[in-house]
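Participant: Protein chains in written order, with my numbering: chain A, 1 to 338; chain B, 1 to 338; chain C, 1 to 338; chain D, 1 to 338.
Before I ask anything, here is the structure I am working with.
There are 4 protein chains.
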Amino acid sequence: MIIIMKSGATDAQIDNVIRWIESLGYKAHPSRGVERTIIGAVGDNRDKSYLKLAESLSGVERTMPILKPYKLASRETKEGRTVITVGNVEIGGPRFVVMAGPCAVESEEQMMESAYIAKKGGADILRGGAFKPRTSPYSFQGMEEDGLKLLAMARERTGLPVVTEVVNPADVELVESYADVMQIGARNVQNFALLKEVGQSKKPVLLKRGMMTTIEELLMSAEYILSAGNQRVILCERGIRTFETATRNTLDLSAVPVLKQMTHLPVIVDPSHAAGNWRYVLPLSRAAMAVGADGLIVEVHPEPDHAVSDGVQSLKPEKFYRLMEDIRLLENTLRRDM
Amino acid sequence: MIIIMKSGATDAQIDNVIRWIESLGYKAHPSRGVERTIIGAVGDNRDKSYLKLAESLSGVERTMPILKPYKLASRETKEGRTVITVGNVEIGGPRFVVMAGPCAVESEEQMMESAYIAKKGGADILRGGAFKPRTSPYSFQGMEEDGLKLLAMARERTGLPVVTEVVNPADVELVESYADVMQIGARNVQNFALLKEVGQSKKPVLLKRGMMTTIEELLMSAEYILSAGNQRVILCERGIRTFETATRNTLDLSAVPVLKQMTHLPVIVDPSHAAGNWRYVLPLSRAAMAVGADGLIVEVHPEPDHAVSDGVQSLKPEKFYRLMEDIRLLENTLRRDM
Amino acid sequence: MIIIMKSGATDAQIDNVIRWIESLGYKAHPSRGVERTIIGAVGDNRDKSYLKLAESLSGVERTMPILKPYKLASRETKEGRTVITVGNVEIGGPRFVVMAGPCAVESEEQMMESAYIAKKGGADILRGGAFKPRTSPYSFQGMEEDGLKLLAMARERTGLPVVTEVVNPADVELVESYADVMQIGARNVQNFALLKEVGQSKKPVLLKRGMMTTIEELLMSAEYILSAGNQRVILCERGIRTFETATRNTLDLSAVPVLKQMTHLPVIVDPSHAAGNWRYVLPLSRAAMAVGADGLIVEVHPEPDHAVSDGVQSLKPEKFYRLMEDIRLLENTLRRDM
Amino acid sequence: MIIIMKSGATDAQIDNVIRWIESLGYKAHPSRGVERTIIGAVGDNRDKSYLKLAESLSGVERTMPILKPYKLASRETKEGRTVITVGNVEIGGPRFVVMAGPCAVESEEQMMESAYIAKKGGADILRGGAFKPRTSPYSFQGMEEDGLKLLAMARERTGLPVVTEVVNPADVELVESYADVMQIGARNVQNFALLKEVGQSKKPVLLKRGMMTTIEELLMSAEYILSAGNQRVILCERGIRTFETATRNTLDLSAVPVLKQMTHLPVIVDPSHAAGNWRYVLPLSRAAMAVGADGLIVEVHPEPDHAVSDGVQSLKPEKFYRLMEDIRLLENTLRRDM
């Protein structure tokens, strides 16, 4: 942490800050410049949040953190890339991974049909929501355990592993008994009680960035899971909230190369929820691949205009097959070493 | 819901949309304009989310909702203002209510001292966090039940009702056994499992707006609590996330008069978390009152430069007393009929 | 400027950065910490933008500026507050100043009527746009010089000084020949050619914050005017663009106390453009005053539902009189020493 | 325009709105629903801004525009795609176009070297700023006409057409006498005086989206140029301002397919200014191509760590050559029919 004194801070104020830093168990390194003095506080405690309190001391202008607040998620801690194996799918490895399926599990027929479409198109993992976090209490809230059973049935029939969301810490045990990958949705990215709970699990976790979450905060949320003992975390960019309303959210594809600089964890992209419109899912999927993501999660529905949830952004089967063709074509062109 | 056809949509496309609307149980009211046709879909089902699917039909440009998606929170449903009584404090009534106390309960000494400061300054309700949602897993996570016990002790000694946060649906029963008001924090504003749980409670709920939650979404979250049976919801504006970094978040004071137009629920303001700096808490508190809020929630700490959490934004006792003086002065000047 | 080396940066990399800093004429102050080395670059050149290039050197993680990039606008340069005198109105002095009038000058009748309303309500300065920056080329673009003449006529009849917008550097001479205060609108806050031009003028400049402008950037824009020789700059907060759509923009009232910490220049608030709806102008005006602004600029129109521009946010005469009453009431209560 | 009455609006209020609509020369189409009445206002005047005033009438809840406010830029007006020819380069045609060069023209040596690098890498157009809009008045403001002369010299030597920025309406004549394409920078996207001026020009205009400009507003700014007579407008996505600070701005790649739906104008992407860091320029360039853009504009500098402006985001020659290789590789794979 660096503490920047006001221009004109007195020696007494500077000494006071130095003593205060030392009282917290850090070493103080003052450096007197032409216009102002700055003081470094050095120590090995990862929680530097106390040091920010220097801002309430007399003569202090502001503080600036030097160290990154996340550790286990950082590339400084772990060299190389984390590859997460689910069945015989490797996430974060040389192949680009596609997760596909309907937004919500609605019925046996809809779920099986979706699973066969995903399988036929060449998806690696099947998605489908059994617990649905919906803005309105009057909207369909998901089939819950019955939905999980249908997912398990679809896995059995197609051989595809399944990813599904968990929204309540009390349901983690139930969900992990059915799912191959547990998803933490965008609205729960800072639901720390839930993060701690899935941190206890042996199953991989797909952690979606929130609409309001900085890249650093996403890594801090991953750190909750990692520090609780679960090392298998997949990050997912799914759009952030901005002033632009032409798409539901603004897909932040720059976050992919930024995350690749900051963390060893795999990063996938969800273009369906970001765009909120199936028309943009194809070009954004190609772009996600070209920007260096490790995979995609997309919504596919046998009949989008009768889906109970998010039909506007779901691909019809033929559009999904076209997307998979494009993906395979690009995969042969792009070097995956980025 | 209004469905806007593309300019140049064919009669067949228009007929198809009409039939589709009717298949969902709504009446279709087409209106052919010079440049394009629009079709109203009328019915009494509150969940209009299906109708948005019209956007995937051929010839449709976009859909526009007409009805507000929240109902119980709306002024159309309930005339007059909701007044919530906690002990002998009325929130939403003629008096401006101040909730004050430390960010986190840290120790008996700190909590009792804070409680006496709040009481001496004339606060109506005492705040203090026992369960703390922290961005970093390495930061202090709260004293949990021990903290709740200290809050109860502080209530006993000062007579002030207490408000404290709950973060896990599994803890609601525990927290409500100690608290007079349960707080849902900004990060949990769309933690629907938690909202449903506090909706079952008899205790009032202080619902904070999230950093990236629209005013309408805040009302939808309130609707979760109201529709589960708990009518005692207090809304709280606490700053939204924007590009500006001079303050931690941007306090959206316009949200207060906007909410007063939209809902009968009381609205208070948290200037401490929004500003992230005690220097701005006084002027923003005055402004919150002048803009028509029903109250404030502010952080006060006997020794902010040794607080374990959010010390930078906590008021020292003398600043808090000055704030309370300003509030009382303004209260006599401003008409509270707005 | 502080340059933070990567953890694991080699001595050769550190030496290279030090030599590079010195080659630019700065002194380098390295400080080797437990986890990483940081290097201060000290010198007296205000343009530190070169130093940011350190980020492209090998072994460098990032750079952090220490000094504020604005100088003349800063409270470090000038103690006390700048008070700007226009006729016998003092902006930034003990009295709260109100500027009022229609969005656009539309006709002699409308302008004179508006002027009398402003005068009757007790406004200090009359506003009215003759050059209108409009999002659409098909919208009314202003009466131009004819509008300026009507403003001058209104000044003559009411004795109120006038403020009006200039949008083209080529028009500055014309506009300053009529106006008492020249306004730079939000969309031109970084129109540096225009800022340089009004910096040559002797007339005060009302500089509006852009929808997308940070507080620091606003001060940098003021610095353009100040450094060109014109010391009479009034800053104006008028709402920033956020994800929230319930109001046209989000009025950032926190910016007022923040600016008061950073600069000696006066700060006023425009609640009309921020809210985009007359209903919110009254409470936001009271809040602007309570938060410590030096004044207001509001839109008033004799017949808002027939205004050619921004009628939705214009106050009817009686609402404006009510606002002025509230202002005078608050003025007696609030200490203006903040 | 659709006018939505409040639930409970009286017949008298509805009649009043209908009469008001008709007094403005539009036809009113009321439609009485179960919960509320909506009234369509139909007419052929493109400036519907008057109709928004209905929001100040009694009983009106809000208004909703139906027609798009831009016309000439719209695909409804012009079928097919606009292809803009500059020398023998076609922008918007089947080939992906790359514009490359330094941020600022700094000296003859730097400019010629940059031009040869651009040429060698296979760029189609050379970029370089002679008039630089800089946040700080103390930063380098550009070589002005001397810079334009160097650009012309570079064109002569390499055969590459040049694109350069114009910031002042008074300079348009000068800049167009040297440039092949005139650029309007992000900060001037709503500098309407400047837009009108380049609308008079015969030279193509590269119009950059502002940091806080919606896609619709970008098209309205294009409409200024088109309606003034210049049909050769190239749009450029260059990042929008969001809460995320890991990149300088957030590149909104979704804007590309959205614009392709809305307009016939070509769309290119500037990853350098968006990212603010050369590390992300390669992956974002690939993504821009994959998402369907018509081209790129990137910053290349012979020695980025001594650039006077924006060196951090400039590519070194070898990185630029690598980028061009990737582009050519992808060009053979991607279908350009999207």
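Ideal Cβ positions, reconstructed from N, Cα and C, are used throughout, including at glycine.
Have a look at B/G128 and C/P302 and give me their C-alpha separation to the nearest angstrom.
Facilitator: C-alpha separation (whole angstroms): 51 Å.
Participant: Quick one, are the C-beta atoms of A/Y70 and A/E223 less than 8 Å apart?
Facilitator: Closer than 8 Å, so yes.
Participant: Considering only the alpha carbon of each residue, which of B/P266, B/Q190, B/L51 and B/L259 lies closest to B/F96?
Facilitator: With distances taken between Cα atoms, B/F96 lies closest to B/P266.
Participant: Beta carbons nearer than 8 Å to chain A: which residues of the stretch 201-232 of chain D have them?
Facilitator: Hits within the stretch, in order: M212, T214, I215 and E216.
Participant: I'd like the span of the beta strand (DSSP E) that includes A/A28, first residue to last.
Facilitator: From DSSP, the beta strand (DSSP E) with A/A28 extends over K27 to R32.
Participant: Is any heavy atom in the ligand MG found nearer than 7 Å to the beta carbon of A/I327?
Facilitator: Of ligands this structure carries none, so the ligand MG is not represented either.
Participant: Pick out whichever of D/L334, D/I91, D/H306 and D/G147 has its Cα sitting closest to the Cα of C/I21.
Facilitator: Nearest C-alpha to C/I21: D/H306.
Participant: If you measure beta-carbon to beta-carbon, which residues of the stretch 61-87 of chain B are closer than 7 Å to chain D?
Facilitator: The stretch 61-87 of chain B vs chain D, Cβ under 7 Å: M64, I66, L67 and E76.
Participant: Would a check of beta-carbon distances place A/I117 closer than 8 Å to chain C?
Facilitator: Answer no: the Cβ-Cβ gap between A/I117 and chain C never drops below 8 Å.
Participant: Any C-beta of chain A sitting closer than 8 Å to the C-beta of D/I240?
Facilitator: So, interface residue.
Participant: With which residues is D/M64 paired in a DSSP beta bridge?
Facilitator: BP columns for D/M64 point to D/I2.
Participant: Residues bridged to A/V42 by DSSP?
Facilitator: Beta-bridge pairing links A/V42 to A/K27.
Participant: For B/V298 versus A/L53, is the C-beta distance shorter than 8 Å?
Facilitator: Against a cut-off of 8 Å, the Cβ pair of A/L53 and B/V298 comes out as no contact.
Participant: Taking all protein chains shown into account, do 16 or more other C-beta atoms lie within 10 angstroms of the C-beta of C/D261, making it buried, or fewer, making it exposed?
Facilitator: Before going further, note that residue 261 of chain C is Gln rather than Asp in the sequence given. By the neighbour-count rule (16 or more Cβ atoms within 10 Å), C/Q261 is not buried but exposed.
Participant: Any contact between the stretch 183-191 of chain B and the stretch 160-170 of chain B? By contact I mean 3 or more CB pairs, one from each, below 8 Å.
Facilitator: Cβ pair count under 8 Å is three or more, so yes.
Participant: Against chain B, with Cβ distances strictly below 8 Å, would D/S354 count as a contact?
Facilitator: Here chain D covers residues 1 to 338 and nothing more, so residue 354 of chain D does not appear.
Participant: Please classify C/M212: does DSSP put it in a helix, a strand, or coil?
Facilitator: It is coil, neither helix nor strand.
Participant: Kindly indicate which three-state DSSP category B/M338 falls into: helix, strand or coil?
Facilitator: Because the pLDDT at B/M338 is just 44, under 50, the model does not fix this residue reliably, and the point stays unresolved.
Participant: Can you pull the chain A neighbours of C/H29, defined as C-beta to C-beta under 7 Å?
Facilitator: In chain order: S31.
Participant: So which residues of chain B does A/V349 contact, with C-beta pairs closer than 9 Å?
Facilitator: This structure cannot settle anything about residue 349 of chain A, because the visible part of chain A is limited to 1 through 338.
Participant: Could you compute how far the alpha carbon of D/T158 sits from the alpha carbon of D/G87?
Facilitator: Each residue's alpha carbon lies about 13 Å from the other.
Participant: Touching or not, the stretch 233-245 of chain A and the stretch 196-216 of chain A, by the rule of three or more beta carbon pairs under 8 Å?
Facilitator: The stretch 233-245 of chain A vs the stretch 196-216 of chain A: in contact.
Participant: Between the Cα of A/I84 and those of A/F320, A/D171, A/L323 and A/D294, spot the shortest distance and give me the residue it belongs to.
Facilitator: Measuring from the Cα of A/I84, the nearest candidate turns out to be A/D294.
Participant: Distance, Cα to Cα, A/P94 vs B/S136?
Facilitator: About 32 Å.
Participant: To which residues of the same chain is A/G92 closer than 7 Å at the C-beta, ignoring the five residues directly before and after it?
Facilitator: Around A/G92: R81, T82, V83, I84, P266 and D294.
Participant: When you compare only the Cα positions, how much space is there between C/R134 and B/Q200?
Facilitator: Cα to Cα, C/R134 sits roughly 51 Å from B/Q200.
Participant: If A/A287 and D/L253 are in contact, beta carbons under 8 Å, what's the gap, nearest whole angstrom?
Facilitator: Their Cβ separation, rounded to whole angstroms, is 5 Å, which keeps A/A287 and D/L253 in contact under 8 Å.
Participant: Does the Cβ-Cβ distance between D/G43 and D/Q13 come in under 8 Å?
Facilitator: No.
Participant: Closest Cβ-Cβ distance between B/R322 and chain C: below 8 Å?
Facilitator: No - not a single Cβ of chain C is within 8 Å of the one on B/R322.
Participant: Answer yes or no: do A/R241 and B/M143 have a C-beta to C-beta separation smaller than 8 Å?
Facilitator: Against a cut-off of 8 Å, the Cβ pair of B/M143 and A/R241 comes out as no contact.
Participant: Out of curiosity, what's the CA-to-CA distance linking B/G122 and B/D326?
Facilitator: Approximately 12 Å, taken between the alpha carbons.
Participant: According to a CB-to-CB cut-off of less than 8 Å, which residues of the stretch 278-309 of chain D neighbour chain A?
Facilitator: So the list reads R279, Y280, L282, P283, L284, R286, A287, A288, M289, A290, V291 and G292, given in the order they occur along the chain.
Participant: Determine, for D/A275, whether the minimum Cβ-Cβ distance to residues of chain A falls below 8 Å.
Facilitator: Interface residue, yes.
Participant: Leaving out five residues before and five after D/V89 in sequence, what residues of the same chain have Cβ atoms less than 7 Å from its Cβ?
Facilitator: So the list reads V97, D124, I125 and P161, once near-sequence residues are dropped.
Participant: Going by beta carbon distance, what residues of the same chain come within less than 7 Å of C/M220, once the five residues before and after it are set aside?
Facilitator: Correct list, in chain order: P69 and Y70.
Participant: Going by Cα to Cα distance, which pick from D/K316, D/E35 and D/V281 is closest to B/E76?
Facilitator: For B/E76, the nearest C-alpha among the options comes from D/E35.
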